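Working notes for the structure below.
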Amino acid sequence: MAATETPSGTRDLVVVGHGMVGHRFVEALRSRGAESPWRVTVLAEESDPAYDRVGLTSYTDGWDRSRLVLPGSDYADDEQVRLLLSTRVTGIDLTGKTVSAADGQSYPYDALVVATGSRAFIPPVPGHDLPGCHVYRTLDDLDGIRTDIQCMLEAGRTSAGVVIGGGLLGLEAANALRNSGIEPHIVEMAPRLMPQQLDEAGGVLLGRMISDLGIAVHVGVGTAAIEQVTYEHGAPTLRVRLSDDTVIDAGLVIFAAGVRPRDELAREAGLAIAERGGVLTDLYCQTSDPDVYAIGEVAAIEGVCYGLVGPGYASAEVVADRLLSGTAQFGEADMSTKLKLLGVDVASFGDAMGVTENALSVVVNDPIKRTYAKLVLSDDAKTLLGGILIGDASAYGVLRPMVGAELPGDPLALISPPDVSGAGKIQLGISALPGSAQICSCNNVSKADLVEAINDGCHDVQALKDRTKAGTSCGSCIPLLKDLLIAEGVEQSKALCEHFGQSRAELFTIVQASGIRTFSELLARYGTGHGCDICKPTVASILASTGSEHILEGEQATLQDTNDRFLANIQRNGSYSVVPRVPGGEIKPEHLILIGQIAQEFGLYTKITGGQRIDMFGARVDQLPAIWRKLVDAGMESGQAYGKSLRTVKSCVGSDWCRYGQQDSVKMAIDLEMRYRGLRAPHKIKMGVSGCARECAEARGKDVGVIATEIGWNLYVGGNGGMTPKHAQLLASDIDTETVFRYIDRFLMFYIRTADRLQRTAPWLEALEGGLEHVRQVVVEDSLGLAADFEAAMQRHVDNYSDEWKGVLDDPEKLSRFVSFVNAPEAEDSTVAFIERDGRKIPLPIEVPGSTAEED
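Under full-length UniProt numbering, the residue at position 760 of the sequence shown is numbered 760, and the numbers go up by one with no gaps.
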């Protein structure tokens, strides 16, 4: 009897494999069949329940396996499902309808689902099996890589690592190496990175952007051999020889050159195998044996294997439906991908390569801004077939669901940047999408499905995820869920992100009241999931604002963004800046000389900033400790140009030199900067002190401005420059110096505790109920009775301040994060571009998306 029939009585279903797709199949089967006849046995080869393999690289952020485990994958509350971990299947008997395991056990079945996935492909390169060679596929693989990295660093061996393969997984592996302090090299045989997703122009741009971030990219070359060599100190190293005669000495090699379906069990059992591998199935995912199905990466559906989670989930849903007497069949696979790596956005969707007959392409390629956008259209230029977005993938969420639909306007206007007036580009929104548009391709959820769920009472993102499964896989559609809720008129909470239902201000209060000092404890007690790039740096900032631990101490280090991770501001060309503190712009001659000597020694570009200090541009990560050692030893300290904290306090020359000066603005600026240095906040803070009403220090353009009067000081708050300049507003007039500091203490602490993430003081003041008058009541009149608390909190900050760079230099563990590359510091960094100006080398302004060169 075929397995698609549903007789009375319980029947045995065996699932071989427990990856993401295998788990999705069991979930789908159990959720659809309350009276299901199937008793399920899942045989899992790995020791962990099903985990998020798409997010495999995030395992390196804390090395906690439990964070990746998929919810409900242990089936603890389901009596109809039995999960057997560490159970390797050795054979399938189609005639006897049994599955044999390595431990000698045999499992009978009425229906069998093969979900064995894929294995990493290792090219037959001589030396591929040497110690130090790895694949990048499982948690155990990453544990092995981690062990080798630790041995490399402890032994002082070469800090380079080679990744063979420049596709999605190869870029992930290179990113993991870079975050571990290893210099990555990517080797790709194709002439461009991500050859399956990107066209030639897009791949070339991506390669240039990745190179500019310190990752060596070798394209159009193969790997000729891997050899083991031993230097005089006795530490073995792998020597990788490329087909173009390039030689790379590396501490480890990672193969990420693609995958091959694990079809050996099916092949040995006698099931039909596709020409290029994989278990051959029809559109019902049924194999040549009617009682055996194949799903996920091992399934060759009508001869085609799909290596993405979306099509795998679709196959799981099909089989679950068929086993419950449904009629589902596999439809068109969505091969869309979206990747954000080191601040570089890459997206590919639909017919990205334009293989459809008579397809047209519209391309906007901006090599200066480092963005590339391509839309593939039908021959009448009306229907969207696919596209590629690099550098700016903000339109991906709306464009991908529109594949197959008529565009709402001129396709060029959809991807062209707006002109200086803001005109030109069509701003697409979710309202433009038809109900049939697929919002979540991983789980086949349409806009209509989501609207129906909203109408049924799902009024937040989490509820939509629970109801429809949208956003529960790769997560790229989550922003659209919030957009749709807003478009449907549902008032949204001020939740920080999907992992925390509280606002930033509420989390600040929780941390302050509970004494929690780690992100993981806060997440365990007050959040859900594993965290994201929104809540991690936000909580890191809160912890820094409420305690005195170094930001690179323990778990804190894994929460920081790129700038704080290296205590330096990443520039447009991938290099970093060095900005020592110069309080009030007052600098000793010996410090001026030292800065000049450092700039000469390391070939750095120097510039006087608007914040009255000297920036040195063009440093590599591995050079930063050596530079800061010289500065710290000379008595200078970090200027924190990289942090969401106080930057500088600008001043005029004041009453000492200026004939108009009414007060000592230089001393006031120095005292302010020394009091509030290192103060972490929701966003950067700038201050200014002018010695008279002529306002040479532009104090009213700052978050906090102090202007001298004949009898004291006027205090202004809530100003800033930037794209939306705001003049600061007068908070108090003619106050003495002691009162200035007291009011600023209160103002800053009020702001830090109540502002949203990345909210400057100007928009915070505008959004605050009661505005400036409310701030005046709190700060000046102490209407909340918190003035003493605010002042005490600020005094604790002052008492506990320590220079962050000195903390790194004094701690070998923190210092190891800035590990030197193989060719440093003598060799010029080929990944940093320069131009010549008057005999000097100046970093070429090549933009890295998401980075900022702004210091003061």
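Just so it is clear, CB atoms sit at the ideal spot from N, CA and C, and this is done for glycine as well. Predicted, not measured: the structure shown is a model, and the values here were computed from it.
Residue i CB to nearest heavy atom of the ligand HEM below 6 Å
i: Ser416; result: What this structure holds is no ligand at all, so the ligand HEM is not there to describe.
Residue i - partner residues in DSSP beta bridges
i: Arg82; result: Thr41
i: Phe255; result: Val135, Ile164
i: Trp805; result: DSSP output for Trp805 lists no bridge partner at all.
i: Ile390; result: Val346, Tyr372
i: Leu112; result: Val14, Val292
i: Met616; result: Val578, Thr606
Residue i to residue j span [Cα, whole Å]
i: Ser651; j: Val539; result: 33 Å
i: Ala120; j: Cys133; result: 13 Å
i: Lys684; j: Ser541; result: 11 Å
i: Ser416; j: Pro763; result: 29 Å
i: Leu171; j: Arg137; result: 13 Å
i: Glu804; j: Leu43; result: 50 Å
i: Arg629; j: Gly643; result: 20 Å
i: Phe617; j: Asp561; result: 19 Å
i: Asp379; j: Leu360; result: 6 Å
i: Gly9; j: Leu323; result: 14 Å
i: Thr6; j: Val14; result: Only weak support exists for where Thr6 lies, its pLDDT of 41 falling under 50; the value from the coordinates is given anyway. Using only the alpha carbons, I get a separation of about 16 Å.
i: Val16; j: Val114; result: 5 Å
i: Glu695; j: His499; result: 45 Å
i: Asp533; j: Ser58; result: 11 Å
i: Gln462; j: Pro261; result: 34 Å
i: Arg370; j: Gln502; result: 36 Å
i: Cys658; j: Ala599; result: 32 Å
i: Gly719; j: Gln640; result: 20 Å
i: Leu523; j: Gln663; result: 49 Å
i: Lys806; j: Leu815; result: 10 Å
i: Arg11; j: Asp110; result: 6 Å
i: Gly785; j: Gln512; result: 17 Å
i: Ser243; j: Val187; result: 10 Å
i: Ile182; j: Gly207; result: 19 Å
i: Gln795; j: Asn455; result: 51 Å
i: Arg620; j: Ile210; result: 15 Å
Assigned secondary structure, residue i (DSSP; H/G/I helix, E/B strand, else coil)
i: His128; result: coil
i: Arg581; result: coil
i: Lys814; result: helix
i: Gly350; result: strand
i: His23; result: helix
i: Gln597; result: helix
i: Asn720; result: strand
i: Leu238; result: strand
i: Pro411; result: helix
i: Asn455; result: helix
i: Leu496; result: coil
i: Trp63; result: coil
i: Gln329; result: coil
i: Gly9; result: coil
i: Tyr107; result: strand
i: Leu730; result: strand
i: His218; result: strand
Contact under 7 Å by Cβ, residue i with residue j
i: Gly117; j: Gly296; result: yes
i: Ser545; j: Arg680; result: yes
i: Gly397; j: Leu480; result: yes
i: Val240; j: Val162; result: yes
i: Met687; j: Val717; result: no
i: Arg192; j: Pro184; result: no
i: Ile164; j: Ala257; result: yes
i: Asp703; j: Thr761; result: yes
i: Thr337; j: Gln197; result: yes
i: Ala269; j: Leu94; result: yes
i: Ala732; j: Val780; result: yes
i: Val135; j: Asp141; result: yes
i: His774; j: Leu768; result: yes
i: Ala728; j: Arg700; result: yes
i: Val298; j: Asp263; result: yes
Q. Can you list, in chain order, the stretches of the beta strand (DSSP E) that have 3 or more residues and sit fully within the stretch 180-211?
A. 183-188
Q) Can you give, in chain order, each stretch of the beta strand (DSSP E) that sits fully within the stretch 618-699 and has at least 3 residues? A) 646-651, 685-690
Q. What are the uninterrupted segments assigned as beta strand (DSSP E) that are 3 or more residues long and contained completely in the stretch 258-315, given in chain order?
A. 259-261, 279-281, 292-294, 299-301
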